[in-house]
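Trainee: One structure coming up, written as C-alpha cells, with questions to follow.
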Amino acid sequence: KPGLDQALAKIEKMFGKGAIIKLDKKSKIKTDSISTGSLELDLALGVGGLPCFASGTKILMGDYTWKNIEAIKEGEIVFGVKNRIMQKTTVLKIFQRETNDIVFLKTDKSEVITTKEHPFLTSKYAGKKSWAKAIDLNKTCKFYHFPILARNYDWKRGWILGSVLSDGNINKYYVRFSNKNKLLITKFAENIKEVYGTKKISILDSEKRINRVMVYGKDFVENFVYQKFLLLNSFRYFSDDFLRGFMAGFYDGDGSRAWSDNKKSAVPTIINTNLGYLNVFQSILKHLNFSSKSRLIRKQTKNWKTVYILTIRRAIDWYLTFLPYSKISGEFTLHNRSLRLQQLLFKSVPNRRKDRIQTKIKVFNLMTSTNTYIANSFLVHNCGRTTELFGQEASGKTTLALSIIRETQKNKGKVA
1 KPGLDQALAK IEKMFGKGAI IKLDKKSKIK TDSISTGSLE LDLALGVGGL
51 PCFASGTKIL MGDYTWKNIE AIKEGEIVFG VKNRIMQKTT VLKIFQRETN
101 DIVFLKTDKS EVITTKEHPF LTSKYAGKKS WAKAIDLNKT CKFYHFPILA
151 RNYDWKRGWI LGSVLSDGNI NKYYVRFSNK NKLLITKFAE NIKEVYGTKK
201 ISILDSEKRI NRVMVYGKDF VENFVYQKFL LLNSFRYFSD DFLRGFMAGF
251 YDGDGSRAWS DNKKSAVPTI INTNLGYLNV FQSILKHLNF SSKSRLIRKQ
301 TKNWKTVYIL TIRRAIDWYL TFLPYSKISG EFTLHNRSLR LQQLLFKSVP
351 NRRKDRIQTK IKVFNLMTST NTYIANSFLV HNCGRTTELF GQEASGKTTL
401 ALSIIRETQK NKGKVA
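Mapping to full-length UniProt numbering: the sequence shown position 122 is 122, numbers consecutive.
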C-alpha cells in the first residue's frame, strides 16, 4: 500500500488533482468511457482521443464577442461552464491536427463541423442534461443556444441613438452625450466617426467627473431628431440590428445590474422617468422575438420623482443578443430557462455521406481551466470522453478506478 500511495501521489503531482478516481465497491463504471478530466492525461494514456472543431468555428470570448477557433491563443479568456455556473475561463493549451473523420451537425439555429468523439451538452428526456458524443446525437436532442451576433454598422447606428436618448441631449446646435464611464465616451466618439464620417466632435471632462461628447452640425442634428421620431412612433422602420443596438445603447446609459430576489444572479434592468420609452422597449423586445419575460415597475424616489423600471429575465440571452459595452455580469447560473434552446434537425451525418470532404482538413481543440467552452453556439467539453459513474457515494473501504491505466498497459506497456 505505501508503494501504491506513492505512485498515486506521483500521478496527481504530474497531472493534477482528479487524475485518480475513487469509487465505492457498489459503483458501476464503464471503463471505456472514463476521462481523467485532463485532456493531456487522456492523450498520454491513449484514451479519450483528440476531439476537435473545423477552422472557422466561432468561440465565445470573455468580452461577449466571437472569435474563430484557429485565431485563439493560449492565455486568452473564453466562456465556459463549471458546476452549472457560466463563467470566464482561461485557454491553457491549443491542439491542432488534420483529419477527415468528422460529422456535420445542424440545428434550427446553428451548425458545426466536428470530430465524432466531441462531447456536447444535450437534453433528451424531461429536460435532463448529459454529455453525448457528436456521432450519437439525433433529432431528439436539444441544446442551449448561445446566439452569435455582432456589433455591425446598423447596430452602431442604433447604439448611438439609444445612448443619446438615455444620457444625452439634442438641441438645434449639437447632440450631446454625457456619462461617467470613459469607455462609453470613447465608444461614442469612435462610432460617430465610423457611422457618420468626419464630424466636429469635442470631448469635455468636468470637475464632477462626468465626461461629455459634443457633436456639431445642423444636418446631423436634424437626422437625429428624425430618427428619434421614427423610433418612438414606428420602430419597425428600422432593421433588427439597429433595434438591438438601440436597446444596448439605452442600457449602457440608463441600465443597471440588479440582483434577483434569491441573490444568486444579476438581472439587467432599465430605469427611466419616461413611461413612453419603456413601453416602446417592451414592444421592441416582442418584435425581436426575445423570449425573456420583462416586468415594468413604478417606483417613487426620495425627491418624489416617479421612475419606471424594466427588468429583463434570461440575463445571458440579453447580453449575447444586444451586446452592451458596460454593466455586464461575468457569471451566471445555468438552468432550464436561462437560454432559448435549439434542436437538431437530423441525426449527425458523417462527412463521407453529407459534406463530400475528400481531403483532410485542419481541426482544433482548446484546453480550458473549466474543461468546457462554447463553440458555434453549443456548450462543449474539451475531452473526448466523459466520466460515466453511477451509484452511491463511497462509504467504508473504497476501490481505485485504475482500469484505464491497466488497459493502456496492455496496449502500450507500463505507464511511467
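By construction, the Cβ of each residue, glycine as well, lies at the ideal position given by its N, Cα and C atoms.
Taking DSSP as the reference, what is the three-state secondary structure of Asn274?
Mentor: As a working note, residue 274 is residue 274 in the sequence shown. Coil, per DSSP.
Trainee: Ordered along the chain, which non-local residues of its own chain (more than five positions away) have a Cβ less than 6 angstroms from that of Asp355?
Mentor: In the sequence shown, counting from the first residue as 1, residue 355 sits at position 355. Interpretation of Asp355 is limited by its pLDDT of 45, a score under 50 that renders its predicted location unreliable; the figure taken from the coordinates is listed afterwards. Around Asp355, the same chain offers Phe104 as residues with beta carbons nearer than 6 angstroms, after the five sequence neighbours per side are excluded.
Trainee: Please go through the segment 44-130 and give each complete beta strand (DSSP E) segment of 3 or more residues, from N-terminal end onward.
Mentor: 58-60, 66-68, 77-82, 85-99, 102-106, 111-115 and 119-123
Trainee: Can you tell me which of the three DSSP states Ala375 falls into?
Mentor: As a position in the sequence shown, residue 375 is number 375, starting the count at 1. Reduced to three states, the DSSP call for Ala375 is strand.
Trainee: How many angstroms separate the CA atom of Ala189 from the CA atom of Asn138?
Mentor: Reading the sequence shown from its first residue, position 189 is the one you call residue 189. Reading the sequence shown from its first residue, position 138 is the one you call residue 138. One C-alpha to the other measures close to 48 angstroms.
Trainee: For Ala132, write down the residues that DSSP places opposite it in a beta bridge.
Mentor: As a working note, residue 132 is residue 132 in the sequence shown. Ala132 is bridged to Phe120.
Trainee: For Leu275, I'd like the list of residues in its chain whose CB is within less than 6 angstroms of its CB, leaving aside the five on either flank, ordered along the chain.
Mentor: As a working note, residue 275 is residue 275 in the sequence shown. Same-chain partners within the cutoff: Tyr308.
Trainee: Short of 8 angstroms in beta carbon distance, which residues of its chain neighbour Arg353, apart from the five on each side in sequence? Order them along the chain.
Mentor: For the purposes of this step, residue 353 is taken as residue 353 along the sequence shown, with counting starting at 1. The predicted model places Arg353 with a pLDDT of 41, which falls under 50 and marks its position as unreliable; any figure quoted below should be read in that light. Correct list: empty, nothing qualifies.
Trainee: Should residue 450 and Gly62 be called a contact, given that it needs their Cβ atoms to be closer than 8 angstroms?
Mentor: Missing from the structure shown is residue 450; the chain here goes from 1 to 416 and no further.
Trainee: Taking one C-beta from the segment 213-222 and one from the segment 235-248 each time, how about it: are there three or more such pairs within less than 8 angstroms?
Mentor: no
Trainee: With 16 other CB atoms within 10 Å as the buried threshold, where does Phe281 fall?
Mentor: Reading the sequence shown from its first residue, position 281 is the one you call residue 281. Buried, by the Cβ-count rule.
Trainee: Buried or exposed, going by whether 16 or more other CB atoms sit within 10 Å of the CB of Asn371?
Mentor: Looking up residue 371 in the sequence shown gives position 371. So Asn371 counts as buried.
Trainee: Which word fits Leu204, buried or exposed, when buried means at least 16 other C-beta atoms lie within 10 angstroms of its C-beta?
Mentor: Taking the sequence shown and counting its residues from 1, one reaches residue 204 at position 204. Exposed, since its Cβ has fewer than 16 Cβ neighbours within 10 Å.
Trainee: Should Asn272 and Asp252 be called a contact, given that it needs their Cβ atoms to be closer than 8 angstroms?
Mentor: As a first step, residue 272 is located in the sequence shown; it is residue number 272 there, counting from the start. As a first step, residue 252 is located in the sequence shown; it is residue number 252 there, counting from the start. No; because the gap between Cβ atoms is not below 8 angstroms, this pair is not in contact.
Trainee: Have a look at Tyr196 and Asn179 and give me their C-alpha separation to the nearest angstrom.
Mentor: Residue 196 sits at position 196 when you count from the first residue of the sequence shown. Residue 179 sits at position 179 when you count from the first residue of the sequence shown. Straight-line Cα distance between these residues: approximately 21 angstroms.
Trainee: Just mark Ile297 as buried or exposed, buried being the case when its beta carbon has 16 or more other beta carbons within 10 Å.
Mentor: Indexing the sequence shown from 1 puts residue 297 at position 297. With fewer than 16 Cβ atoms within 10 Å of its Cβ, Ile297 is classed as exposed.
Trainee: Can you tell me whether DSSP reads Tyr174 as helix, strand or coil?
Mentor: Locating residue 174 in the sequence shown gives position 174, where the first residue counts as 1. Here Tyr174 carries a strand assignment [DSSP, helix/strand/coil].
Trainee: Measuring alpha carbon to alpha carbon, tell me which of Ile72, Thr306, Phe146 and Glu98 ends up nearest Gln342.
Mentor: Counting from one through the sequence shown, the residue named residue 342 turns up at place 342. Gln342 has its Cα closest to that of Phe146, out of Ile72, Thr306, Phe146 and Glu98.
Trainee: Can at least three beta-carbon pairs, one atom from the segment 147-162 and one from the segment 358-365, be found at a separation below 8 angstroms?
Mentor: In short, these stretches do not touch, since the Cβ pair count stays below three.
Trainee: Report all residues from its chain with a CB closer than 8 angstroms to the CB of Lys305; omit the five preceding and five following residues, and keep chain order.
Mentor: As a first step, residue 305 is located in the sequence shown; it is residue number 305 there, counting from the start. Excluding positions up to five away in sequence, the list reads Thr273.
Trainee: Is Gly217 helix, strand or coil when you go by DSSP?
Mentor: Here residue 217 is taken as the residue at index 217 of the sequence shown, counted from 1. Coil.
Trainee: CA-CA distance, Val267 and Ala315?
Mentor: For the purposes of this step, residue 267 is taken as residue 267 along the sequence shown, with counting starting at 1. For the purposes of this step, residue 315 is taken as residue 315 along the sequence shown, with counting starting at 1. For Val267 and Ala315, the distance between alpha carbons rounds to 6 angstroms.
Trainee: In the DSSP assignment, what residue or residues form a beta bridge with Tyr144?
Mentor: Position 144 of the sequence shown, counting from 1, holds the residue named residue 144. Tyr144 is bridged by DSSP to Leu341.
Trainee: Does the beta-carbon distance from Thr57 to Val91 come in below 8 angstroms?
Mentor: Here residue 57 refers to the residue found at position 57 of the sequence shown. Here residue 91 refers to the residue found at position 91 of the sequence shown. No, these two residues do not count as a Cβ contact at 8 angstroms.
Trainee: Roughly how many whole angstroms lie between the Cα atoms of Asn351 and Pro119?
Mentor: In the sequence shown, counting from the first residue as 1, residue 351 sits at position 351. In the sequence shown, counting from the first residue as 1, residue 119 sits at position 119. Here the model assigns Asn351 a pLDDT of 44, short of 50, so the residue's position is not dependable, and the following value carries that caveat. Between Asn351 and Pro119, the C-alpha separation is close to 18 angstroms.
Trainee: Using CA atoms only, rank isn't needed, just tell me which of Thr368, Glu331, Phe95 and Lys327 is closest to Ile85.
Mentor: Translated into positions along the sequence shown, residue 85 becomes position 85. Answer by Cα proximity: Glu331.
Trainee: Would you call Asn140 buried or exposed, if buried means 16 or more other Cβ atoms sit within 10 Å of its Cβ?
Mentor: For this step, residue 140 is matched to residue 140 along the sequence shown. Sequence check: residue 140 is Thr here, not Asn. Burial call: exposed.
Trainee: Under the assumption that Asn376 contacts Ser110 (Cβ atoms under 8 angstroms), give the Cβ distance between them as a whole number of angstroms.
Mentor: Looking up residue 376 in the sequence shown gives position 376. Looking up residue 110 in the sequence shown gives position 110. Contact flag correct, Cβ pair sits at about 5 angstroms.
Trainee: Among the candidates Thr122, Val225, Leu344 and Ser55, whose CA atom is the shortest distance from the CA of Arg176?
Mentor: Translated into positions along the sequence shown, residue 176 becomes position 176. Closest option to Arg176, Cα to Cα, is Val225.
Trainee: Just verifying my parser: in three-state terms, what is the DSSP assignment at Phe332?
Mentor: Start at 1 with the first residue of the sequence shown, and residue 332 comes out as number 332. Three-state result, Phe332: strand.
Trainee: Checking the sheet assignment: what are the DSSP bridge partners for Val380?
Mentor: As a first step, residue 380 must be located in the sequence shown, where it is residue number 380. Residue pairing of Val380 in beta bridges, as defined by DSSP: Phe120 and Tyr373.
Trainee: Quick check on DSSP: helix, strand or coil for Ile210?
Mentor: Translated into the one-based positions of the sequence shown, residue 210 becomes position 210. Coil at Ile210, not helix or strand.
Trainee: Can you find the residues in the same chain that come closer than 6 angstroms, C-beta to C-beta, to Asp32, ignoring five residues on each side of it along the sequence?
Mentor: If you number the sequence shown from 1, residue 32 lands on position 32. Confidence is the limiting factor: at Asp32 the pLDDT is only 38, short of 50, which leaves the residue's position unreliable, though a coordinate-based value still follows. Counting only residues of its own chain and dropping the five nearest sequence neighbours on each side, Asp32 has no CB closer than 6 angstroms to any other CB.
Trainee: According to DSSP, which residues form a beta bridge with Val363?
Mentor: For the purposes of this step, residue 363 is taken as residue 363 along the sequence shown, with counting starting at 1. Paired residues: Ala54 and Arg97.
Trainee: Ordered along the chain, which non-local residues of its own chain (more than five positions away) have a Cβ less than 6 angstroms from that of Lys67?
Mentor: Locating residue 67 in the sequence shown gives position 67, counting from the first residue. Result list for Lys67: Ile59 and Met61, in chain order.
Trainee: Mapping DSSP to helix, strand and coil, what is Ala9?
Mentor: If you number the sequence shown from 1, residue 9 lands on position 9. Note: Ala9 maps to helix in three-state DSSP.
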